[in-house]
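Okay, structure first, notes after.
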């Protein structure tokens with residue numbers, strides 16, 4: 275597909291999928307508010323050509339619809355992976371005739387790789403004294419700690435093996451020559467830095483902005499450990515990735531990038547980073563992170579700065595994640611035999627909820643596959659895992675959820691794992707990077723008919739009662755601050771009224787849950803399994819047997835970060851300017 279950002283921009287112009295905004299726009303808050311409104315409406319990509327305080331134009335919302343993701347990458351990668359996975363069992367033992375019959379997808383994979391090129395547009399302009407404050411980096415939310423680079427392609431190499439990583443880690447601009455480097459736990463670049471720091475060495479880092487769109491998807495893809503990101507990007511492109519060697523730089527530069535920021539991260543140096551309104555839909559707080567010192571900057575002579583805005587779903591990351599999962603899903607059974615299908619839910623920030631269809635050929639085999647999933651790459655950060663052996667379309671969450679609940683026996687099917695790691699951006703655990711996990715299995719034949727209407731009368735302390743789907747009841751009443759133990763009280767005093775519902779969820783306002791997106795976001799970003807799941811239980815030696823109903827307290831807790839919402843004066847300002855901005 276596209277070898278550069280320019281190629282994609284030309285196609286978007288041809289397809290009328292991009293709008294040029296010629297009025298001056300401030301990258302501090304205003305640009306993000308415009309972007310959010312457009313993506314909410316399923317609108318086009320945006321090219322801001324007059325950016326306050328910067329000579330560089332900005333493009334956002336490149337991937338804000340399924341169609342634009344397909345325009346950027348096409349359907350070929352998904353088709354090739356499906357063909358390869360279905361053909362592999364029949365290829366052994368290898369014979370020339372078999373290989374020839376499968377030449378289409380084999381040649382497709384064979385095109386992937388790197389190639390050295392003598393020069394490239396990224397070398398048009400070279401700065402040894404570049405001021406990072408000249409970049410049109412966005413401040414997305416009013417409580418953010420400053421401007422952030424939100425689509426950085428951070429390239430590092432392991433100090434010993436030289437294996438590479440391309441990741442996307444937000445970068446807060448601290449000053450003319452320095453940014454933060456938000457290496458979260460279980461991220462490849464962070465592993466490289468840890469290894470260098472253990473040896474007392476600085477880690478060379480090159481940050482690319484722009485280039486082939488496939489790089490953005492490769493950088494955020496939850497790839498198996500053995501699959502290099504640049505190779506995956508080349509596969510998505512359908513061609514080799516051109517790189518140019520520069521004598522003074524530690525890494526080859528991607529020839530078609532818009533910008534390349536070259537520098538180092540020193541061992542033992544940390545600086546407070548944040549706050550930042552992130553893709554969970556809340557602010558992440560200030561924490562100490564490594565620091566990136568920029569020494570040289572290269573860019574095209576007419577460079578375009580790519581950016582995105584994150585926040586409550588659905589944002590661009592939703593559509594990127596959906597595409598990547600469709601491409602990678604056929605590979606999971608190869609990497610994890612017995613796992614037939616796997617999906618993580620973008621509405622929850624991906625790590626907070628995953629669903630899986632697994633093989634159950636002997637007693638509790640499904641549990642073994644659940645542990646396998648929780649031990650694989652970035653899936654180790656999964657907080658809540660739903661597992662079934664009943665075939666289902668995992669993307670149709672409600673029907674899959676009902677399959678689970680119809681078969682759910684808490685005594686057998688609820689496992690809570692205490693004191694685990696947790697995604698850096700998930701603050702539901704009671705300390706940074708730490709929390710717990712839960713696995714619910716729903717296997718074999720149904721054990722109940724699912725209730726779909728509530729008719730058991732009022733409940734003390736509860737003002738709204740609303741079924742979400744079969745077997746799942748939503749309640750709201752007093753806040754956590756007013757009554758922290760409401761969940762426990764409900765099971766003690768109203769357990770009989772709730773007994774036909776295998777899962778009860780306590781939220782702040784049941785009326786705000788109107789669809790799948792609001793349900794998944796409201797519930798799974800607001801509880802920690804070990805602290806916020808309630809159920810009657812019996813303990814016999816080391817075995818815990820839970821009894822239903824199971825209640826999840828998904829109310830906001832006082833120590834959670836604030837939900838993201840735009841400042842009212844900014845909303846009014848963009849209201850006033852709307853016609854001016856989109857005047858053709």
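Numbering (our numbering), first residue to last: 275 to 858. Beta carbons: idealized from backbone N, C-alpha and C, even for Gly. As the structure is a computational prediction, the values presented were derived from the model and not from experiment.
Nearest-angstrom Cα separation, counted from residue j out to residue i
{"i": "residue 826", "j": "residue 350", "result": "42 Å"}
{"i": "residue 330", "j": "residue 799", "result": "36 Å"}
{"i": "residue 487", "j": "residue 808", "result": "45 Å"}
{"i": "residue 749", "j": "residue 348", "result": "43 Å"}
{"i": "residue 459", "j": "residue 733", "result": "42 Å"}
{"i": "residue 507", "j": "residue 682", "result": "41 Å"}
{"i": "residue 769", "j": "residue 425", "result": "49 Å"}
{"i": "residue 306", "j": "residue 412", "result": "7 Å"}
{"i": "residue 851", "j": "residue 739", "result": "42 Å"}
{"i": "residue 587", "j": "residue 642", "result": "32 Å"}
{"i": "residue 278", "j": "residue 671", "result": "36 Å"}
{"i": "residue 647", "j": "residue 561", "result": "29 Å"}
{"i": "residue 568", "j": "residue 485", "result": "20 Å"}
{"i": "residue 418", "j": "residue 474", "result": "32 Å"}
{"i": "residue 650", "j": "residue 498", "result": "8 Å"}
{"i": "residue 528", "j": "residue 640", "result": "44 Å"}
{"i": "residue 580", "j": "residue 396", "result": "15 Å"}
{"i": "residue 471", "j": "residue 790", "result": "44 Å"}
{"i": "residue 810", "j": "residue 821", "result": "5 Å"}
{"i": "residue 315", "j": "residue 816", "result": "53 Å"}
{"i": "residue 477", "j": "residue 318", "result": "39 Å"}
Inter-residue CB distance, residue i and residue j (contact presumed, cutoff 8 Å)
{"i": "residue 665", "j": "residue 714", "result": "The Cβ separation is near 18 Å, so there is no contact."}
{"i": "residue 370", "j": "residue 328", "result": "No, residue 370 and residue 328 are not in contact; Cβ-Cβ is about 57 Å, not under 8 Å."}
{"i": "residue 864", "j": "residue 449", "result": "Coverage of the chain is limited to positions 275 through 858, which leaves residue 864 absent and any answer about it impossible."}
{"i": "residue 585", "j": "residue 623", "result": "Rounded, the Cβ-Cβ distance is 11 Å, inconsistent with contact."}
{"i": "residue 606", "j": "residue 627", "result": "About 16 Å; that fails the 8 Å criterion."}
{"i": "residue 764", "j": "residue 744", "result": "Contact doesn't hold; Cβ gap of about 21 Å is too wide."}
Residue nearest to residue i in terms of C-alpha spacing, selected from the options
{"i": "residue 673", "options": "765, 635, 716", "result": "716"}
{"i": "residue 574", "options": "443, 658, 585, 534", "result": "534"}
{"i": "residue 667", "options": "619, 767, 467, 688", "result": "619"}
{"i": "residue 303", "options": "793, 421, 612", "result": "421"}
{"i": "residue 814", "options": "823, 793, 685, 766", "result": "685"}
{"i": "residue 675", "options": "453, 776, 657", "result": "776"}
{"i": "residue 737", "options": "641, 745, 783, 559", "result": "783"}
{"i": "residue 355", "options": "600, 613, 455", "result": "600"}
{"i": "residue 390", "options": "519, 357, 482, 276", "result": "519"}
{"i": "residue 493", "options": "475, 611, 591", "result": "591"}
{"i": "residue 406", "options": "544, 572, 324", "result": "572"}
{"i": "residue 275", "options": "510, 544, 709", "result": "510"}
{"i": "residue 283", "options": "345, 340, 820, 388", "result": "345"}
{"i": "residue 334", "options": "315, 308, 357", "result": "308"}
{"i": "residue 720", "options": "680, 764, 532", "result": "680"}
{"i": "residue 469", "options": "434, 457, 438", "result": "434"}
{"i": "residue 711", "options": "788, 746, 801, 635", "result": "801"}
{"i": "residue 597", "options": "538, 818, 786, 490", "result": "490"}
{"i": "residue 645", "options": "603, 678, 691", "result": "691"}
{"i": "residue 608", "options": "463, 636, 320, 359", "result": "359"}
{"i": "residue 339", "options": "352, 310, 326", "result": "310"}
{"i": "residue 696", "options": "461, 439, 432, 438", "result": "461"}
{"i": "residue 635", "options": "722, 804, 663", "result": "663"}
{"i": "residue 839", "options": "465, 325, 415", "result": "415"}
Residue environment, residue i, which counts as buried when at least 16 other CB atoms sit within 10 Å
{"i": "residue 617", "result": "buried"}
{"i": "residue 841", "result": "exposed"}
{"i": "residue 577", "result": "buried"}
{"i": "residue 831", "result": "buried"}
{"i": "residue 553", "result": "buried"}
{"i": "residue 845", "result": "exposed"}
{"i": "residue 500", "result": "exposed"}
{"i": "residue 530", "result": "buried"}
{"i": "residue 342", "result": "buried"}
{"i": "residue 729", "result": "exposed"}
{"i": "residue 522", "result": "exposed"}
{"i": "residue 387", "result": "exposed"}
{"i": "residue 708", "result": "exposed"}
{"i": "residue 297", "result": "exposed"}
{"i": "residue 637", "result": "exposed"}
{"i": "residue 727", "result": "exposed"}
{"i": "residue 786", "result": "exposed"}
{"i": "residue 532", "result": "buried"}
Minimum Cβ-Cβ distance from residue i to chain D less than 9 Å
{"i": "residue 420", "result": "Here there is only one protein chain, and chain D is not present."}
Count Cβ pairs between the stretch 816-835 and the stretch 758-770 that sit closer than 8 Å; are there 3 or more? Touching, yes.
Do the stretch 288-299 and the stretch 394-405 meet, that is, are 3 or more Cβ pairs less than 8 Å apart? With contact defined as three or more Cβ pairs closer than 8 Å, the stretch 288-299 and the stretch 394-405 are not in contact.
Given 8 Å as the limit, is there contact between the stretch 728-748 and the stretch 696-711, that is, 3 or more CB pairs closer than that? No, because fewer than three Cβ pairs between the stretch 728-748 and the stretch 696-711 fall closer than 8 Å, the two stretches do not touch.
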